[in-house]
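Single-structure report; data block below.
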Amino acid sequence: MQSLSNPATTLVSFTMDIPSFTVAAGGVIAWLLLLWISRLRRKSLPFPPGPAGYPLIGYVHTPADPIWKTYREWSQKYNSNIVGYKILGTNIIIANTIEVANELLERRSAIYSDRSTVGMTMAYELVGLRWTAALAPVGQYWREARKLLQQTFSPQLSRRYRPVQAAAIRRLLCNLLKDPLQFRDHTRYMTGEIIVRGSYGIDVQEKNDPYIAAAERVVCIANEILVPGKWLVDVLPILKYLPEWMPGAGFKRQARLWHRDSVAMTDNPFNAIKDHDDLPQYCAARLMLENIDRNAEDAENLTMLDHIKDSLATVYSAGSDTTTSILDTFILAMALSPDIQREAQEDVDRVCEGRLPDYSDYGKIPYVDALVRECLRWRPPVPLAVPHMVTQDDVYNGYFIPAKSVIFPNIKAMLLDPDNYPEPEQFKPTRFLVKSGSTSGPDMVLDTSVSDPSNIVFGFGRRACPGRWFAYDSLWMAFASILATFDILPVKDENGRPVPPRDGCKGNFITHPEEFVCNIKPRSAKHKVLVTAAAAAAAASDI
Ligand code: HEM
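Our numbering puts the sequence shown at residues 1 to 543.
So this is what it looks like as C-alpha cells:
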C-alpha cells in the first residue's frame, strides 16, 4: 500500500482531480456568497418596533415608572410581543411574553446568556462589584461560579440547609412575638442568618451580627448603584479617570468607601473559615472547598480559592433581598386578605395541629404551596430579571436582533398575563388549587394545569436562578410556621375599624412592598407557648 505522504502520488492524484477541485472551490465560493447575501438580508430586516428617539443618541428618556408596565404598553401600542429601542448606541430589547423569552433565552441560550457591562462603570470598575456572579459576563469566573452554585444549591443538596432554615425561622417567630412592629427587620435578619450560616457555616449573633451587617451594607449600596442613569460616569465612562480631589469627582470618593465595604463583605467571612477543617456538614463552603488543596500556593489554586470566595458572597448578594421581598409580600397579602389567611391556617392545622410544621410536612399542605406560588406571581421581586446580552446577530419573527443587544425578559408582564392567570391583579392563591375528590386527604390539591410561576420568576436559560430550590424551602417553611402560630391583621383606627395596610411597591431593580403597618399577634396563649418553646429548642440545638 502506498503511503499517502508520497509527494509523487499526491501530485498525480491532485492533477487528476482538477475538475472536482474546481467544482468544490466553486461550491465553497457560492456558499460564502449565499452566506454574505443572507447576512445582508438579515441586517436589512427591521429592528423590533418601539419608540424612535433622536438620531445618533436614540431614546434617551427613562421609560415611565413602573418600567415593566411601560414596556407592556409598548407591546400593545406597536402590536408586537417583542419591542425595542436604542439608547446611546446600545440596543435594548424587551421580551414581553413567555413565548418570546422561552424561544430566545431558553432555546437559543447558547448565544443569549451573556451580561452587558455597558452603563456599569460605577458598579463594576469603581466599586468593584465584579465578584457578583449574577452580573458577571460569560467567562472563566462566571462558568466556575455557576458550576459551584449549581452543584451546592441543586434540588438534592439544597435539602442539607433545611435544619439551618428551620432554626432561623423559629427565631423569626420568637422575634415576631417579642417585637411585632419591627417585622421587616426580623424577616431581613432571618434571611441573612440562613444565608450566612448556610454559605459559611458561621454561627451568627442573635442581633447586630457583623457579617450580616457588612453584607446588608453592600446590598444597600448595590441598590443605590444599579439605578440606570443615576451616575454620570455610567453614561460617560471617561470620567472614571478624574482625580478624586477634583470638584465634581465626589462619586470617586464615594466609590472608594463603597469598595472597602464590598471587600469586607467578600473577604471577612471567607477568611474566618477558609482554614477550618471542621466546617459543618450543611454549609456550602465545605462542599466547595472539599476538592481543593487550601494550602497550595500555585496560581491555579489561588484563582480557584478566589472564585469560591466570590461565589459564596454572591449567594448573599443574589439571595437575600429577593427572598426578603417575598416574605414581606406574604405578610402584606395576609393583612389584606383575612379570609385567605383563615383558609390557609385551616390547611396547616389539618396537618400540624398543636405543633410547628417541619420539612416532613412538605407536599402535605397544598395551600402553603399555592401561597408561595401566588406571592411569587403577584409581586415578583425582580420584575425585569437581570438583562441578558446576545453575542451574535440573530433573527426572531422577522426582526433583526444585532449582536450585543441587551434583552430584558418582562417577568412581571408575563406573570400578570390574564390568559394564564385570570384577574391577574387579584391576590388569589386558589387559582393554583383544584378539588381533590379525596375523603381522607386535603380537600384541595395543586392544579398542575396552571402554569407554575417558578418557571418565570427565577429567570431563563443558562442564567436562571441557581438558588430557586433553596429560596423555595425558606419561603415554604416561613409561611407555614407563621400561619401555624400567628394572626396577621390590619391595624384598627380610633373607632375600632380595620385600616387596610398600604399596598404599593418600591425599588427599581429589586422591588419590595412599600412601608406598611399591621398587627401580628399569636393566635392564642397555646400558640405563644409553642413559639417560645420552639425558639428555646432551636437555641439549645447544635444547629
Ligand atoms: C425568591 C427568591 C429569588 C428570586 C425571585 C430570584 C430571582 C432571580 C432572577 C430573576 C435571576 C436572574 C435570572 C436571569 O438572568 O434570567 C436570578 C439570578 C440568580 N440568583 Fe436568584 N432569586 C431568588 C433567590 C436566590 C437565592 C436564595 C440564591 C442563592 C442561593 C440566588 C442566587 C442567584 C444567582 C447566583 C443568580 C445569577 C445566575 C447567573 O447569572 O448565572 N437567588 N435570581
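Every residue gets a Cβ at the ideal spot worked out from N, C-alpha and C, and that includes glycine.
heavy atom of the ligand HEM below 7 Å from residue i C-beta
i      : result
LEU148 : no
HIS307 : no
HIS388 : yes
PHE470 : yes
PHE458 : yes
VAL382 : yes
ILE169 : no
ALA133 : yes
THR329 : no
THR323 : yes
ALA539 : no
GLY50  : no
PHE153 : yes
VAL445 : no
GLY201 : no
ALA385 : yes
ALA285 : no
ARG350 : no
ILE212 : no
ARG463 : yes
PRO442 : no
GLY26  : no
ILE326 : yes
GLY570 : For residue 570 there is no data in the structure shown, the boundaries of the chain being 1 and 543.
ALA222 : no
Reference residue i; option with closest CA among the options
i      : options                        : result
LEU446 : PRO418, ILE82, LEU371          : LEU371
ARG462 : ILE111, SER116, GLN205, ALA249 : ILE111
ILE569 : VAL457, ASN519, TRP245, VAL100 : Summary: the structure shown does not reach residue 569, with the chain confined to residues 1 through 543, and so no result is reported for it.
LEU489 : PHE509, VAL517, ASP473         : VAL517
TYR71  : GLY89, GLY50, LEU56            : GLY50
ILE520 : ALA539, ALA484, PRO55          : ALA484
PHE153 : LEU104, PRO243, ALA284         : ALA284
ASN81  : SER451, TRP378, LEU56, PHE408  : PHE408
SER449 : GLY459, LEU433, PHE460, SER438 : LEU433
CYS505 : TRP142, ALA333, PRO55          : ALA333
ASP487 : SER360, TRP476, PRO180, PRO48  : PRO180
PHE509 : ARG379, CYS352, TYR161         : ARG379
ALA471 : SER481, ILE482, PHE460, SER454 : SER454
ASP552 : ALA101, ILE482, VAL218, ILE273 : As shown, the chain starts at 1 and ends at 543. That puts residue 552 outside it, with no answer to give.
TRP142 : ASN223, PRO280, ALA166, LYS309 : LYS309
LEU149 : GLY467, SER524, LEU105, ALA540 : GLY467
LYS274 : SER158, HIS259, GLN140, ASN295 : ASN295
ALA544 : TYR316, GLU206, THR532, THR22  : This structure cannot settle anything about residue 544, because the visible part of the chain is limited to 1 through 543.
ALA264 : GLU216, CYS375, PRO513, PHE330 : GLU216
CYS465 : ARG107, ASP65, LEU135          : LEU135
ARG159 : TRP476, PRO442, GLY398         : TRP476
ARG184 : PRO522, ASP328, LEU336, PRO228 : ASP328
GLY441 : GLN205, VAL348, LYS492         : VAL348
ARG502 : ASP394, VAL382, LEU336, LEU45  : LEU336
HIS61  : LYS230, CYS220, ALA525         : LYS230
PRO383 : ILE543, THR391, ASN410         : ASN410
GLY354 : LYS207, LYS404, ALA525         : ALA525
Sheet register partners of residue i (DSSP bridge)
i      : result
CYS283 : DSSP, once it has assigned bridges, lists no residue as partnering CYS283.
HIS512 : LYS506
MET389 : ASP114, VAL406
LEU415 : According to DSSP, LEU415 bridges with nothing at all.
PRO522 : PHE486
PRO498 : LYS492
PHE400 : VAL395
VAL83  : ILE94
CB-CB length for residue i against residue j, believed under 8 Å
i      : j      : result
ASN268 : ALA214 : 6 Å
MET122 : ALA313 : The pair is not a contact, with the Cβ atoms about 19 Å apart (cut-off 8 Å).
ILE202 : SER474 : Rounded, the Cβ-Cβ distance is 18 Å, inconsistent with contact.
TYR54  : TYR85  : 11 Å between Cβ atoms; not a contact.
TYR161 : GLY198 : 4 Å
THR307 : GLU144 : For the record, residue 307 in the displayed sequence is His; it is not Thr. At roughly 5 Å, the Cβ-Cβ gap stays under 8 Å, so HIS307 and GLU144 are in contact.
THR532 : CYS174 : 7 Å
PRO357 : ASN91  : About 48 Å separates the two Cβ atoms, so there is no contact after all.
ALA166 : TYR362 : Contact doesn't hold; Cβ gap of about 12 Å is too wide.
PRO155 : TYR282 : Actually they do not touch by this definition, with Cβ atoms about 16 Å apart.
ILE169 : SER481 : 5 Å
LEU45  : PHE479 : Between PHE479 and LEU45 the Cβ distance is about 48 Å, and since that is not below 8 Å, they are no contact.
Fill in: the region 290-310 in contact with the region 250-265 per 3-pair CB rule at 8 Å
no
Worksheet item: Are there three or more Cβ pairs, one per stretch, closer than 8 Å when the region 210-226 is compared with the region 331-346?
Response: no
Worksheet item: Are there three or more Cβ pairs, one per stretch, closer than 8 Å when the region 88-97 is compared with the region 408-416?
Response: yes
Discussion item. Closer than 8 Å is the cut-off here; do at least three beta carbon pairs connect the region 122-141 with the region 221-240?
Written reply: yes
Worksheet item: Are there three or more Cβ pairs, one per stretch, closer than 8 Å when the region 361-376 is compared with the region 426-441?
Response: yes
Worksheet item: With a cut-off of 8 Å, do at least 3 Cβ pairs link the region 129-138 to the region 421-428?
Response: no
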